[in-house]
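Report on the following structure.
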Amino acid sequence: MVGERRINGVLLARLIGDSAQGRPYYLAVARAISGLILDGRVPTHTRLPAERDLATALRVSRNTVTAAYTWLRDNGYLDSRQGAGSWTVLPEPSAAPGAPFVPQTELYDVGVAASPAVEGLQEAARLAVEQLPAHVGKLGYTPRGLPELRHAIARRYVERGLPTTPDQIFVTNGAQHAVTLLLDLLLEPGDAILMETPTYPHALESARRREARIRTIGVSSDGWDMEYAADAFRRARPRAAYLIPDFQNPTGALMDDDERAALVAEARRAGSSLIIDESVAELAIDSGDQPAPVACYDTDGRVFSVGSVSKLLWGGLRLGWVRTTPPMVERLMAIRQRVDISSPLLDQLIVTRLLTDVTRIRAERSTALRRSRDALTARLRDRLPDWRFTTPSGGLVLWVALPQPVAGALGEAAHRHGVHPGPGPVFGTEGTLERYIRLAYTQPPEVFGEVVDRLADAYAEAIALPAPSRGELYL
Numbered sequence: 001m002v003g004e005r006r007i008n009g010v011l012l013a014r015l016i017g018d019s020a021q022g023r024p025y026y027l028a029v030a031r032a033i034s035g036l037i038l039d040g041r042v043p044t045h046t047r048l049p050a051e052r053d054l055a056t057a058l059r060v061s062r063n064t065v066t067a068a069y070t071w072l073r074d075n076g077y078l079d080s081r082q083g084a085g086s087w088t089v090l091p092e093p094s095a096a097p098g099a100p101f102v103p104q105t106e107l108y109d110v111g112v113a114a115s116p117a118v119e120g121l122q123e124a125a126r127l128a129v130e131q132l133p134a135h136v137g138k139l140g141y142t143p144r145g146l147p148e149l150r151h152a153i154a155r156r157y158v159e160r161g162l163p164t165t166p167d168q169i170f171v172t173n174g175a176q177h178a179v180t181l182l183l184d185l186l187l188e189p190g191d192a193i194l195m196e197t198p199t200y201p202h203a204l205e206s207a208r209r210r211e212a213r214i215r216t217i218g219v220s221s222d223g224w225d226m227e228y229a230a231d232a233f234r235r236a237r238p239r240a241a242y243l244i245p246d247f248q249n250p251t252g253a254l255m256d257d258d259e260r261a262a263l264v265a266e267a268r269r270a271g272s273s274l275i276i277d278e279s280v281a282e283l284a285i286d287s288g289d290q291p292a293p294v295a296c297y298d299t300d301g302r303v304f305s306v307g308s309v310s311k312l313l314w315g316g317l318r319l320g321w322v323r324t325t326p327p328m329v330e331r332l333m334a335i336r337q338r339v340d341i342s343s344p345l346l347d348q349l350i351v352t353r354l355l356t357d358v359t360r361i362r363a364e365r366s367t368a369l370r371r372s373r374d375a376l377t378a379r380l381r382d383r384l385p386d387w388r389f390t391t392p393s394g395g396l397v398l399w400v401a402l403p404q405p406v407a408g409a410l411g412e413a414a415h416r417h418g419v420h421p422g423p424g425p426v427f428g429t430e431g432t433l434e435r436y437i438r439l440a441y442t443q444p445p446e447v448f449g450e451v452v453d454r455l456a457d458a459y460a461e462a463i464a465l466p467a468p469s470r471g472e473l474y475l
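Next up, the structure:
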């Protein structure tokens, strides 16, 4: 419903912060707010504070805020109705381009965040086949997961500082399968769910298919605004929230321990469940202590931790899991039976074998990702110095801010130049994030010179295109 979301003057002034630079000041404020809308940090259909309230928070005259709001209306970022207030909109309603996550073998693919198989996969597969005789005399169904695999996953949580038993693990066919089952478990159509923006597009689509009311909190490469997140929990009272605190996809942000504790506390106060996506939690690149799993701060079973081996081991191993309470494992098993019965037994045997060597695998994956990440960032700084980014300390992707909002056009031009990137709007809820592009650094380091050169040519082509016409404005 239009106007259901609100933001007060104090919080909006803090989000504007130092970004309102230059003169006239009203224009700087207006452009700062439009940037917050385009970045998704202030969602569309959010009621802005009254002019007097924002003026007080910014310590400026009301006329300054009036002029800023007028600019926003004239440029299609604000819709006002007499007696109903003003709320955020986009200048041109647009659908995000199709998700760029189908591998493009004929292109330099920096859109799909997937690495080649780890060393030792073939040997693990051979040993798994040797184990098959112990299982072929049985039905082959493992509705909760192979006991040996559940034990290995639980042991890994213990090693990360989170006491876990095998009966708390529910094995799925990948992280996306786990998220979809959890949404079916936790939400009814029409329930509110809190999600980050930007976020993982397939989780967003799963929430839409569940007909959930999506409410958003902004996240950037610098992390989460926890005051804004707390306000979102208090206002939306969501049944569930989906977050990626470990090397967030696509921003690469890493939530610290205090923020994780605060997140669980806010969810508890709001009566919300937390779906915590840890798909890349094992992919730290830089040295240093990693934060504890979010579930370490859970005291009442509201945190559902989602894991996967696809990013760490190989995309061809479609196995994931949910860590939760034993009763919830049973409920997930009942829901799963609507669509399938069990994960492939041979894959589970392979993964069980590989997890016994996880320390070596993590070290080798970290070394390879560091080389590729550093090659990409160095070439970007040299060839495209106006492209801005914060180098992530882990994960698989780089979230890049463009000088101009042309991500969609850049994506199309890049294909013509032989590169497959991830345009920002794919990761937003409502066509925002045109100033961003996601680049996966999972290719060998030696290819990034050519990749960035082609992106530079594509960007020059994109900014030379005529600007799209503005859609209808509501005044």
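In UniProt numbering, the protein residues as written are 1 to 475. The beta-carbon is built from N, C-alpha and C at its ideal position, and this holds for glycine as well. From a predicted model like this one, the values you see are computed outputs, not experimental measurements.
Could you check what DSSP says for residue 315 in three-state terms: helix, strand or coil? Reading the sequence shown from its first residue, position 315 is the one you call residue 315. Coil at residue 315, not helix or strand.
Bridge partners for residue 193 per DSSP, in chain order? As a position in the sequence shown, residue 193 is number 193, starting the count at 1. Paired residues: 214 and 240.
Please classify residue 279 as buried or exposed, where buried requires at least 16 other C-beta atoms within 10 Å of its C-beta. As a first step, residue 279 must be located in the sequence shown, where it is residue number 279. The residue is buried, with at least 16 neighbouring Cβ atoms inside 10 Å.
Leaving out five residues on either side along the sequence, give the residues of the same chain with a beta carbon under 7 Å from the beta carbon of residue 14. Numbered from its first residue, the sequence shown carries residue 14 at position 14. Closer than 7 Å at the Cβ level, and outside the excluded window around residue 14, lies no residue.
From 344, 193, 412 and 21, pick the residue whose C-alpha is nearest to that of residue 149; which is it? Counted from its first residue, the sequence shown places residue 149 at position 149. That would be 344, whose Cα lies nearest to the Cα of residue 149.
Thinking C-alpha only, which one of 275, 286, 315 and 232 is nearest residue 302? What you label residue 302 is simply residue 302 of the sequence shown in a count that begins at 1. With distances taken between Cα atoms, residue 302 lies closest to 275.
I'd like the list of long-range same chain contacts for residue 64, defined as Cβ closer than 8 Å, with 5 residues on each side in sequence excluded. What you label residue 64 is simply residue 64 of the sequence shown in a count that begins at 1. Around residue 64, the same chain offers 25, 26, 29, 55 and 58 as residues with beta carbons nearer than 8 Å, after the five sequence neighbours per side are excluded.
Is it buried or exposed for residue 367, if we count other Cβ within 10 angstroms and need 16 for buried? Walking along the sequence shown from the start, residue 367 turns up at place 367. So residue 367 ends up on the exposed side.
Residues in its own chain within less than 8 Å of residue 414 by CB, not counting five upstream and five downstream? Translated into the one-based positions of the sequence shown, residue 414 becomes position 414. These residues qualify, in order along the chain: 420, 421, 454, 455 and 458.
Run of the alpha helix (DSSP H) containing residue 85, from where it starts to where it stops: Position 85 of the sequence shown, counted from the start, is the residue given in the question as residue 85. Here residue 85 belongs to no alpha helix (DSSP H); instead the beta strand (DSSP E) covers 85-88.
Please state if the CB of residue 192 and the CB of residue 215 are separated by a distance shorter than 8 Å. Position 215 of the sequence shown, counting from 1, holds the residue named residue 215. Position 192 of the sequence shown, counting from 1, holds the residue named residue 192. In contact: residue 215 and residue 192 (Cβ atoms closer than 8 Å).
Tell me, which residues are paired with residue 306 by DSSP? Taking the first residue of the sequence shown as position 1, residue 306 is located at position 306. Per DSSP, 277 and 322.
Residue from 268, 176 and 315 with nearest C-alpha to residue 244: As a position in the sequence shown, residue 244 is number 244, starting the count at 1. The option with the nearest alpha carbon to residue 244 is 176.
Would you kindly report the start and end of the unbroken beta strand (DSSP E) that includes residue 440? Against the sequence shown, residue 440 aligns to sequence position 440. Here the beta strand (DSSP E) through residue 440 covers 436-440.
Pair within 8 Å by beta-carbon distance, residue 143 and residue 154: By 1-based counting over the sequence shown, the position of residue 143 is 143. By 1-based counting over the sequence shown, the position of residue 154 is 154. For the 8 Å CB-CB criterion, residue 143 and residue 154 do not form a contact.
Which residues bound the beta strand (DSSP E) around residue 389? Numbered from 1 along the sequence shown, position 389 holds the residue referred to as residue 389. No beta strand (DSSP E) contains residue 389, which DSSP labels as neither H nor E.
From this set, 46, 21 and 160, which residue's C-alpha is nearest residue 295's C-alpha? Against the sequence shown, residue 295 aligns to sequence position 295. The candidate whose alpha carbon is nearest that of residue 295 is 160.
Using CA coordinates, which residue listed in 299, 91, 285 and 292 is at the minimum distance from residue 269? The residue given as residue 269 occupies position 269 in the sequence shown. Ranking 299, 91, 285 and 292 by Cα distance to residue 269 puts 299 first.
Roughly how many angstroms lie between the CA atoms of residue 70 and residue 256, to the nearest whole one? Taking the first residue of the sequence shown as position 1, residue 70 is located at position 70. Taking the first residue of the sequence shown as position 1, residue 256 is located at position 256. Each residue's alpha carbon lies about 39 Å from the other.
Any idea if residue 334 is buried or exposed, counting beta-carbon neighbours within 10 angstroms, 16 or more meaning buried? For the purposes of this step, residue 334 is identified with residue 334 of the sequence shown, where counting begins at 1. With fewer than 16 other Cβ atoms within 10 Å, it is exposed.
Close-in-space but distant-in-sequence residues of the same chain around residue 428 (CB under 7 Å, 5 per side omitted): As a position in the sequence shown, residue 428 is number 428, starting the count at 1. Answer for residue 428: 40, 96, 197 and 198, listed in chain order.
Suppose you measure from the CA of residue 350 to the CA of residue 439; what does that come to, to the nearest Å? In the sequence shown, residue 350 corresponds to position 350, counting from 1. In the sequence shown, residue 439 corresponds to position 439, counting from 1. Each residue's Cα considered, the two are about 30 Å apart.
Just list the beta strand (DSSP E) runs in the segment 327-407, keeping only unbroken ones of 3 residues or longer that don't cross its boundaries, in chain order. Under the rule that a run must span 3 or more residues, the beta strand (DSSP E) segments found entirely inside the segment 327-407 read 397-401.
Are the segment 316-325 and the segment 347-364 touching, with three or more C-beta to C-beta distances below 8 Å? yes
Relative to the alpha-carbon of residue 247, which residue among 285, 262, 235 and 228 has its alpha-carbon at the smallest distance? On the sequence shown, residue 247 is found 247 positions in, with the first residue counted as 1. The residue with the shortest Cα to Cα distance from residue 247 is 285.
Proximity to residue 117 [Cα-Cα], best of 359, 352, 315 and 451: Counting from one through the sequence shown, the residue named residue 117 turns up at place 117. The shortest C-alpha separation from residue 117 is found at 315.
If you check the beta carbons only, do residue 288 and residue 395 fall under 8 Å apart? Taking the sequence shown and counting its residues from 1, one reaches residue 288 at position 288. Taking the sequence shown and counting its residues from 1, one reaches residue 395 at position 395. No, the Cβ-Cβ distance between residue 288 and residue 395 is not below 8 Å.
Short of 7 Å in beta carbon distance, which residues of its chain neighbour residue 125, apart from the five on each side in sequence? Order them along the chain. As a working note, residue 125 is residue 125 in the sequence shown. Excluding positions up to five away in sequence, the list reads 350.
Grab me the residues of residue 10's own chain with a C-beta within less than 6 Å of its C-beta, minus the 5 sequence neighbours each way, in chain order. If you number the sequence shown from 1, residue 10 lands on position 10. The answer, listed in chain order, is 57.
Scan the UniProt domain "HTH gntR-type" (23-91) and note each continuous alpha helix (DSSP H) run of 4 residues or more that stays entirely inside, going in chain order. Listed in chain order, the complete alpha helix (DSSP H) runs (minimum 4 residues) inside the UniProt domain "HTH gntR-type" (23-91) are 25-38, 51-58 and 62-74.
Can you give me the Cβ contacts of residue 449 inside the same chain, cut-off strictly under 6 Å, excluding the 5 residues immediately before and after it? The residue labelled residue 449 in the question sits at position 449 within the sequence shown. The residues are 379.
Neighbourhood of residue 185 by C-beta distance below 8 Å, restricted to the same chain and skipping five residues each side: The residue given as residue 185 occupies position 185 in the sequence shown. These residues qualify, in order along the chain: 328, 331, 332 and 335.
Below 8 Å on the Cβ atoms is my contact criterion, and I expect residue 353 with residue 128 to pass it. Report the Cβ-Cβ distance as a whole number of Å. Sequence index remark: in the sequence shown, residue 353 carries index 353 (1-based). Sequence index remark: in the sequence shown, residue 128 carries index 128 (1-based). Contact holds; Cβ gap of about 6 Å.
Inter-residue Cα distance where the pair is residue 283 and residue 312: Here residue 283 corresponds to residue number 283 of the sequence shown, with the count starting at 1. Here residue 312 corresponds to residue number 312 of the sequence shown, with the count starting at 1. Cα to Cα, the separation comes out at about 7 Å.
Report the rounded CA-to-CA distance for residue 163 versus residue 326, giving the unit in angstroms. To locate residue 163, count along the sequence shown from 1; it is residue 163. To locate residue 326, count along the sequence shown from 1; it is residue 326. CA-CA distance, residue 163 to residue 326, rounds to 14 Å.
Near residue 98, what residues of its chain come up, given a Cβ to Cβ distance below 6 Å and the 5 sequence neighbours on each side ignored? Taking the first residue of the sequence shown as 1, we reach residue 98 at position 98. Note that residue 98 has pLDDT 42, beneath the 50 cutoff, so the model's placement of it is unreliable and no number is given.
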